[in-house]
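Residue numbers (the numbering used here): 1219 to 1311.
Glycine is no exception: its CB is placed at the ideal position from the N, C-alpha and C atoms.
These numbers come from a predicted model, not from an experiment.
Written out below as structure tokens is the structure these notes cover.
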């Protein structure tokens, strides 16, 4: 499957994005477990401090299925670090 994540500025311009291929070869028991717990994948976007719209897309190549997640406003501060990464904070409007 392909995983795409992108950050957009207030005007809708692309600030940074990343794409990675994820190949999963799971045993039946592992798949059953992941269907209940989900799968965590980590990535990194290079953005300055500020507020961005985030879009994440997962595309399953073999079945041509796709899903997307949009978050309208995420703020990336410069003074908060989680596990060596800046932690985004959801901003409520």
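Rounded to the nearest whole angstrom, the C-alpha separation of residue 1269 and residue 1291 is 6 Å.
Contact between residue 1263 and residue 1236 is confirmed by a C-beta separation of about 6 Å, below the 8 Å threshold. Note that the C-beta distance between residue 1234 and residue 1271 is not below 9 Å.
Distances from the CA of residue 1225 to each of 1219, 1275 and 1257 were compared; the closest alpha carbon is that of 1275. Residue 1282: not part of any beta strand (DSSP E); DSSP gives it neither H nor E.
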